[in-house]
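Whatever position you read off the sequence shown (first residue = 1), add 24 for our numbering. The C-beta atom is built at its ideal place from N, Cα and C for all residues, glycine as well. Computed from a prediction, not measured in an experiment: that's the story for all the values here. Here the structure comes first, spelled out in structure tokens, and everything after it is commentary.
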Amino acid sequence: SVIPPFSLSKELVAEITLKTKQIAKELHVIGLMNVQYAIQNGVIYCLEVNPRASRTVPFVSKAIGVPLAKLAAKIMGGKTLEELGFTKEIYPKHVSVKESVFPFVKFPGVDIILSPEMRSTGEVMGIDADFPAAFYKSQEAASARIPQEGKVFISVKDSDKARIVTVAKGLHEMGYGIVSTRGTAGILSQNGVPAEVILKIAEGRPNVGDLIRNRDIQLIINTPNGKGPVLDEAKIRSLAVSFNIPCITTFNAAKAALTALQAVRGKGLEVKALQDYHPGLSGPKSAPPQEKSCVR
């Protein structure tokens, strides 16, 4: 989750905001409401609406500096938003990124590819002035720190091969070594990105599994063609978990990782207390003094 949205147009955000208000009024929701939307080809689809809080509420509260759960409880008890002094939406100038934490390290051999099933066991948050730095902090806090040097193994599905070139080129220009299976390496070399060709696990040895076991790989970018323990790619992702190597499984995450590295490499990260991101904000009238805390 990212606040404010970084990949949606202003028009889509405005439409989502309007539809959410219309749904809340039509359902007569008092308190908090959880809505899930999907967007395809610019069309917004409402997947589900739940008149309850979600685990995203604490994240949103910290991002905007307002104790939403407390306010919702008071509203359910009869107070109004006007009485509580919370009548305008807050658009923070900083960027907040929420990342899920998964228990895969506890289950050797499991594939890390996700489905609609809830698997996360916790969440972390990164805040900074822009998206790249905030994203980097969120990954570090989730124990998936993006390495600032070393070798990157890249093997992606056919539909991602053309667009992964920009990511690979950016990593190469930053001094990373690129290791790929034959298909991906061919596309990269055709576009001027040198890549060391390595065998798949099923093709013989030495293979990518050996490189992972020998800790010769520091980052893995592997977008899945399918799912299942018999697949070569599933074994790679499982090995990544066993040897604590960050594994990126979508193109968008790979692109975000590149921008994060370009933003923070050699510059370090600034750490602030959460309250420093909300200077002079007293919050709604009911908001109690908050203890000093630090967000990575």
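For Gln64, DSSP records a beta bridge to Val67. In this structure the region 159-172 touches the region 281-294; the number of beta carbon pairs closer than 8 angstroms is three or more. DSSP places Gly233 in the helix class (H, G or I) of the three-state scheme. By the neighbour-count criterion, in which a residue is buried when 16 or more other Cβ atoms sit within 10 angstroms of its Cβ, Glu106 is exposed. DSSP, reduced to helix, strand and coil, places Ile188 within a helical segment of the structure shown. Ranked by Cα distance from Arg237, the options Ser213, Leu263, Gly290 are led by Leu263. Its chain contains Gly199, Tyr200, Gln242 as the residues whose beta carbon lies nearer than 8 angstroms to that of Glu173, once the 5 sequence neighbours on both sides are disregarded; these appear in chain order. From the listed residues Gly55, Val84, Val125, the smallest Cα separation to Lys103 is found for Gly55. As the crow flies, the alpha-carbon of Gly290 is around 22 angstroms from that of His118. Taking C-beta separations shorter than 7 angstroms and ignoring five residues to either side along the sequence, the partners of Ile88 in its chain run Ile114, Pro116, following chain order. Under the 10 Å beta carbon count, Glu294 is surrounded by fewer than 16 other beta carbons and is classified as exposed. Under DSSP, Val119 takes part in a beta bridge, and its partners are Asp152. For Lys175, there is no enclosing alpha helix (DSSP H); the residue is part of the beta strand (DSSP E) that begins and ends at 175-179.
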